[in-house]
Every structure is written in C-alpha cells, then in structure tokens.
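Numbering (the working numbering), first residue to last: 11 to 262.
Using N, Cα and C, we set each Cβ at its ideal position, and we do this for glycine too.
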C-alpha cells in the first residue's frame, strides 16, 4: 500500500471519528459532495487538498501520518528490491537482524564496531527501505510482522543456500544448545503432509518464544538458528545401482 493511500484511509477514519460527513466536508471546502466522494473513492488527492482537509479536521500532517502508521499492515514479506538491498550490504543486513532482535543502541555499541554516526545511518537506510520507522533517539518501530518470512526463491534465500547454509553445517553441533537430527525413511503422501504441518507448528512456537524473550537484555539471549527441511531425496551415491524408469517398466 502506498503512502498516499494510507494517508487517505487515515483521513476517512478521522472524518468518522469527528462525525463529519462528506456533505459537511464538501461545504467547508466549497466543493460539491460528488467531488469529495470521488476524491476518497478514487484515492486521488494532491498535497494542497490534503492540507485543506487537515485544516478542516484541525490536525497537522504529522498527526495524520501517525494515524496512518497506527493502522499500517505489518509486512509479512519483503519485496525483491528490499531483499536485494539488504543482501548487497552485510552491515545493513546485520542492522536489521539487531533491530528485529530488540538490541538497544548501547548493546549494539558494546558488541559491534559501529560508531553512533554509522549506526544512525544504517537505521536511516532501513527507514527509507520501509522495514522500520525511525523515531527520535534512534528508537525503532518495526514495519514488518513479527514472524515475517523471506521470499521463496528470493535474494535472501539464494544467499542462504549458496553461502550461509554451507557455513551453518560446516561447524560441529557439539556445544549446548546445538543439536542435529537427520532422519530418512519412506512415508506415504498423507504422512508427509502431517509431518509438514508439525514442522510449521514448531516454527510458530519458535516465533512465540522469540516474542516471549524479546524484552530480555541481549546478554541473556543468544543467536539461535533453526533449519527445517523436508523433501523427496535420494543420494547420488546410489545412482549407479538404480534402474532407469524404462528398465523398471520393461521388468514389470
């Protein structure tokens, strides 16, 4: 949703809150009621008209923007452009990770080499990117849903598969709370779907635990990554012994 549409929808809510009808608004703007209705139905509004309506309502643009922000739908998924910019700059990607995990500026300065100016610039870029709302004092309000997902086959998933996943599995799973479980077997389609649902439930529980611990100081939490994967797969190691489909059919 564009900012213009968000602002117009916010105006609609504020008109309703003040009990002002389109006819009454039209009268105060010296316009026809049909014109006012068309402005809101088509969501076509220039800055001058926007300021005129704000004057009628007795609110400023800052107050209107705050109303729009309160009702903004959190992003469940980033755009390709947003992901591309994030993966192209490790510092920016790290900044998003720290913001998502509720690091305070003091905690960032304690653990990382960013200066205040560098950290402020990264937050400003995240704000321009549309994933956070930067507030006074370098406070941040997330514009993403708490459990947003990276795009399927998107830039971040590509980075994960090509670089991060090999790095993730290269280290031994020895120290607490590390754990690696690898299972393989033959399942029916029904059983496989049941397993996928259970994996999704576990992912949702992980999200809930993240939210539950978000208020804890950073030194009482540790970065933890879970990888859920399930797909039909057979080792290439066995290919030399496997019949082709044509060979299977000829023996049927």
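For residue 111, which of helix, strand or coil comes out of DSSP? Residue 111 sits at position 101 when you count from the first residue of the chain shown. Coil at residue 111, not helix or strand.
Residue 206 lies in the beta strand (DSSP E); which residues open and close that run? Here the question's residue 206 lines up with position 196 in the chain shown. Premise fails: residue 206 lies in the alpha helix (DSSP H), 199-223, not in any beta strand (DSSP E).
Cα separation between residue 72 and residue 174? Within the chain shown, residue 72 is the residue found at index 62, counting from 1. Within the chain shown, residue 174 is the residue found at index 164, counting from 1. If you take the alpha carbons of residue 72 and residue 174, they lie about 42 Å apart.
Touch test, the stretch 243-256 against the stretch 210-224, Cβ-Cβ under 8 Å, three pairs minimum: The count of Cβ pairs closer than 8 Å, one atom from the stretch 243-256 and one from the stretch 210-224, stays below three, leaving the stretches out of contact.
C-beta contact flag for residue 183 and residue 190 at 8 Å: Your numbering for residue 183 matches position 173 in the chain shown. Your numbering for residue 190 matches position 180 in the chain shown. Contact: yes.
Give the straight-line distance between the Cα atoms of residue 267 and residue 55, rounded to the nearest whole angstrom. Residue 267 lies beyond the residue range present for the chain, which begins at 11 and ends at 262; the question has no answer from this structure.
Roughly how many angstroms lie between the CA atoms of residue 124 and residue 61, to the nearest whole one? In the chain shown, the residue the question calls residue 124 occupies position 114. In the chain shown, the residue the question calls residue 61 occupies position 51. Rounded to whole angstroms, residue 124 to residue 61 spans 40 Å at the Cα level.
Considering only C-alpha positions, which residue in the set 134, 148, 98 is nearest to residue 117? In the chain shown, the residue the question calls residue 117 occupies position 107. Nearest option by C-alpha distance: 148.
Provide the residue span of the alpha helix (DSSP H) that contains residue 30, from first to last. One-based indexing of the chain shown puts residue 30 at position 20. Careful: residue 30 lies outside any alpha helix (DSSP H) and carries neither H nor E.
With distances taken from CA atoms, which of 162, 164, 143 is nearest residue 154? Indexing the chain shown from 1 puts residue 154 at position 144. For residue 154, the closest alpha carbon among the candidates 162, 164, 143 is that of 143.
Who does residue 154 pair with in a DSSP beta bridge? Within the chain shown, numbered from 1, the residue matching residue 154 stands at position 144. For residue 154, which the question treats as bridged, DSSP gives the partners 85.
Flag this pair as yes or no: are the beta carbons of residue 217 and residue 163 separated by less than 8 Å? On the chain shown, residue 217 is found 207 positions in, with the first residue counted as 1. On the chain shown, residue 163 is found 153 positions in, with the first residue counted as 1. Going by C-beta atoms, residue 217 is not nearer than 8 Å to residue 163.
Under 8 Å between the Cβ atoms of residue 133 and residue 105? On the chain shown, residue 133 is found 123 positions in, with the first residue counted as 1. On the chain shown, residue 105 is found 95 positions in, with the first residue counted as 1. For residue 133 and residue 105, yes; Cβs fall inside 8 Å.
Which residue comes first and which comes last in the beta strand (DSSP E) that contains residue 143? Start at 1 with the first residue of the chain shown, and residue 143 comes out as number 133. Its beta strand (DSSP E) spans residues 142-145.
Rounded to the nearest angstrom, what separates residue 152 and residue 112 at their Cα positions? Here residue 152 is taken as the residue at index 142 of the chain shown, counted from 1. Here residue 112 is taken as the residue at index 102 of the chain shown, counted from 1. If you draw a straight line from the Cα of residue 152 to the Cα of residue 112, it comes to about 10 Å.
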